[in-house]
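Chemist: This is the structure, below, for whatever I ask next.
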């Protein structure tokens, strides 16, 4: 296997005396779909926050495409090719569906503030380009009908989808999905699974998926990493994870295992 | 769409020029109010970029206005003779003075923008308010700027054309910014800073930029004011002046340029209108003291508005959500 896209080496995150993530190492290769699971409070979202630069790891290193991302501001890390969605939806509430996605194109702009003010031909051309790009994304994900709606008017499932579309508009190489199936009914979950797989293939992405719903995780992930109390307790294919006694103990207690 | 904003700017500038030709026939009292309206439009629109569109609560806009007013007035007084007294000479000098005033204010905006990275909400409001007082305090003690005596003697170069052409330019800049992909960063910072960062937006840059651009236009407004009144005093740029501008933004609706312009017009006319009302012969004598104490009516009006329409006259959903 060539050098992994994302590599965590002994990453540790300590808040005072509390070790949320300790000594965590794993790798995500290009185009892989990896699941990150664990009981509540296992540190899954903290791992996302470490990777995206919201927190700086107390110890250890995180490299993306061969370069360390530790100590960089989140927007820098995003511009290097990591995009994420949030556990509790964080759309830009006062903007329309279209504007939400367009905002994510901001960092790819080749023109600066002067062009935005003068509105010359260069601005117009790039503006058209951005609009086409956004509209194409919205079409792919079936959100065209809601294009100019305020995003908060969308049904819950569509808001989740919009968050994924917005993350894709940053043109990432790695997509981090934080509990995308939370609060969805079984039909929506099935659609979501199809959507994630489709996205991964269509855009050639690596995906790291945090999810509580085992059906979703087991259904689409090639490899699964299990966290408990901030430590990695298991890693393997869905079949291996399902029968791992440590995993069962973590989820159901020692007796069950 | 793109061309439309440019055409509108051109129309507004030409209209200001055309009306300016007849400015001599306007009653001086009304003319004074008109110029005040124009200056207030610049102030409110530029503050709206900071408070309304970027969601950073600044309470020190009068401080930037002071920086611009004193900067431009000082330049006019110290170097006004350099370009001579011809029409072209004085106009060039005036434009230079306004630009300098704007740039000095923008520099002050940069200095305030930096604490804004660490603070938000009420805390930021307090810091900006303190900054306003600092600028005022510096001027009060600066002998070359007239200190407590105020500064006077600038030529009256501000006219209808300059005021409204620059008001149109302010509106043009703010609208073009917030309606572009580039400017969507401002709105993203307001709506959700963490999500904005995650979408690759440098929130630091946008917050500072909002302060710098907002301050620049406040400085230009200050320059216009200085060259209209021909006398400026530190007390004219106190906390209450800042509050006046904030009230225009809140009344008009945070993040609504049309609303803020309307509020700037309304709140400039209203105190004058109430003054006129107090002298109407048909007004019962019992009501006269109320109309005379127009500030009471004025505040009552604001209270009623805040109860019945907290998002402002034209406010979108932006403000309601900011509480979360």
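Protein chains in written order, with the working numbering: chain A, 107 to 363; chain B, 35 to 358. Where a beta carbon is used, it is the ideal one built from N, C-alpha and C, also for glycine.
Give a yes or no on whether the minimum CB-CB distance between residue 232 of chain B and chain A is below 8 Å.
Modeler: So yes, residue 232 of chain B belongs to the interface.
Chemist: By alpha-carbon positions, which one of A/240, A/114, A/136, A/146 ends up nearest to residue 163 of chain A?
Modeler: Comparing Cα-Cα distances from residue 163 of chain A to each of A/240, A/114, A/136, A/146, the minimum goes to A/114.
Chemist: Who are the near neighbours of residue 401 of chain B in its chain, counting only those whose CB is closer than 7 Å to its CB and skipping five residues on each side?
Modeler: No answer is possible for residue 401 of chain B: it lies beyond the span of chain B, which begins at 35 and ends at 358.
Chemist: So, using beta-carbon positions, are residue 341 of chain B and residue 181 of chain A closer together than 8 Å?
Modeler: It is not a contact, given that the beta carbons lie outside the stated cut-off.
Chemist: Quick check on the burial criterion: 16 or more other C-beta atoms within 10 angstroms. Buried or exposed for residue 206 of chain A?
Modeler: The residue in question, residue 206 of chain A, is buried, as its Cβ has 16 or more Cβ neighbours within 10 Å.
Chemist: Output the distance between the C-alpha atoms of residue 329 of chain B and residue 74 of chain B, rounded to the nearest integer angstrom.
Modeler: Going from the Cα of residue 329 of chain B to the Cα of residue 74 of chain B covers about 18 Å.
Chemist: Could you check the C-alpha separation between residue 289 of chain A and residue 316 of chain A for me, to the nearest Å?
Modeler: Taking the straight line joining both Cα atoms gives about 14 Å.
Chemist: Counting pairs of Cβ atoms below 8 Å between the region 143-158 of chain B and the region 89-99 of chain B, do you hit three or more?
Modeler: The region 143-158 of chain B vs the region 89-99 of chain B: in contact.
Chemist: Can you list, in chain order, the residues of the region 212-223 of chain A whose Cβ is nearer than 9 Å to any Cβ on chain B?
Modeler: Correct list: 212, 213, 214, 215, 217, 218, 219, 221, 222, 223.
Chemist: Taking the beta carbon of residue 129 of chain B as the centre, do at least 16 other beta carbons fall within 10 Å, making it buried, or is it exposed?
Modeler: With fewer than 16 Cβ atoms within 10 Å of its Cβ, residue 129 of chain B is classed as exposed.
Chemist: Determine the direct distance from the alpha carbon of residue 240 of chain A to that of residue 291 of chain A, and round the result to whole angstroms.
Modeler: Rounded to the nearest angstrom, the two C-alpha atoms are 28 Å apart.
Chemist: Please tell me whether residue 323 of chain A and residue 283 of chain A are closer than 8 Å, where the distance is taken between their beta carbons.
Modeler: For residue 323 of chain A and residue 283 of chain A, no; Cβs fall outside 8 Å.
Chemist: Would you check if the distance between the CB atom of residue 212 of chain B and the CB atom of residue 143 of chain B is smaller than 8 Å?
Modeler: Going by C-beta atoms, residue 212 of chain B is not nearer than 8 Å to residue 143 of chain B.
Chemist: If you follow the alpha helix (DSSP H) that residue 190 of chain A is part of, which residue opens it and which one closes it?
Modeler: Where residue 190 of chain A is concerned, there is no enclosing alpha helix (DSSP H), although the beta strand (DSSP E) it sits in stretches over 188-190.
Chemist: At the level of alpha carbons, what is the spacing between residue 352 of chain A and residue 264 of chain A?
Modeler: Going by the C-alpha atoms only, they are around 36 Å apart.
Chemist: Give me, in chain order, the residues of the same chain whose beta-carbon lies closer than 7 Å to that of residue 54 of chain B; leave out the 5 immediate sequence neighbours on both sides.
Modeler: Result list for residue 54 of chain B: 193, 194, 195, in chain order.
Chemist: Residue 354 of chain A to residue 330 of chain A, Cα distance in whole Å?
Modeler: For residue 354 of chain A and residue 330 of chain A, the distance between alpha carbons rounds to 14 Å.
Chemist: In this structure, does DSSP put residue 214 of chain A in helix, strand or coil?
Modeler: In this structure, residue 214 of chain A counts as helix in the three-state DSSP scheme.
Chemist: Quick one: list the residues of chain A neighbouring residue 39 of chain B, beta-carbon separation under 9 Å, in chain order.
Modeler: Ordered by position in chain A, the residues that pass the 9 Å Cβ test against residue 39 of chain B are 225.
Chemist: For the structure I just gave you, are there three or more beta carbon pairs, one from the region 178-188 of chain B and one from the region 104-121 of chain B, closer than 8 Å?
Modeler: The region 178-188 of chain B, when compared against the region 104-121 of chain B, does touch it at the 8 Å Cβ threshold.
Chemist: Beta-carbon within less than 7 Å of residue 347 of chain A's beta-carbon, same chain only, minus the 5 sequence neighbours each way: which residues are those?
Modeler: So the list reads 330, 332, 340, 353, once near-sequence residues are dropped.
Chemist: Out of B/71, B/79, B/335, B/278, point me to the one whose CA is closest to residue 289 of chain B's CA.
Modeler: The shortest Cα separation from residue 289 of chain B among B/71, B/79, B/335, B/278 belongs to B/79.
Chemist: Can you find a C-beta in chain A that's less than 8 Å from the C-beta of residue 217 of chain B?
Modeler: So yes, residue 217 of chain B belongs to the interface.
Chemist: Using only the alpha-carbon positions, how far apart do residue 152 of chain B and residue 146 of chain B sit?
Modeler: Roughly 11 Å separates the two Cα atoms.
Chemist: I'd like the list of long-range same chain contacts for residue 175 of chain B, defined as Cβ closer than 8 Å, with 5 residues on each side in sequence excluded.
Modeler: The residues are 181.
Chemist: Skipping 5 residues on each side, what residues in its chain have a beta carbon closer than 7 Å to that of residue 255 of chain A?
Modeler: The answer, listed in chain order, is 202, 203.
Chemist: Given that a residue counts as buried once 16 or more other Cβ atoms are within 10 Å of its Cβ, and exposed if not, what is residue 365 of chain B?
Modeler: Lying outside 35 to 358, the shown extent of chain B, residue 365 of chain B is not represented and no answer is given.
Chemist: Assuming residue 274 of chain A and residue 309 of chain A are in contact, meaning their beta carbons sit under 8 Å apart, how far apart are those beta carbons, in whole angstroms?
Modeler: At roughly 6 Å, the Cβ-Cβ gap stays under 8 Å, so residue 274 of chain A and residue 309 of chain A are in contact.
Chemist: Within the 8 Å Cβ cut-off, does residue 167 of chain A reach chain B?
Modeler: By this cut-off, residue 167 of chain A is not an interface position.
Chemist: For the alpha helix (DSSP H) that residue 230 of chain A lies in, which residues bound it at each end?
Modeler: It spans 227-246 - the alpha helix (DSSP H) in which residue 230 of chain A sits, taken as one unbroken run.
Chemist: Straight-line CA distance for residue 232 of chain A to residue 337 of chain A?
Modeler: Approximately 46 Å, taken between the alpha carbons.
Chemist: Taking only runs of the alpha helix (DSSP H) that begin and end inside the region 292-332 of chain B, which ones reach a length of at least 4 residues, in chain order?
Modeler: Qualifying alpha helix (DSSP H) stretches, in chain order: 322-326.
Chemist: Which residue comes first and which comes last in the alpha helix (DSSP H) that contains residue 221 of chain A?
Modeler: First-last of the alpha helix (DSSP H) with residue 221 of chain A: 219-224.
Chemist: So the candidates are B/265, B/327, B/308, B/259; which of them puts its Cα closest to the Cα of residue 200 of chain B?
Modeler: Residue B/259 is the option with its Cα nearest to residue 200 of chain B.
Chemist: So, does the CB of residue 138 of chain A fall closer than 8 Å to a CB anywhere in chain B?
Modeler: No, its Cβ sits nowhere closer than 8 Å to a Cβ of chain B.
Chemist: Looking at chain A, is there any beta carbon in it that lies within less than 8 Å of the beta carbon of residue 151 of chain B?
Modeler: So, not an interface residue.
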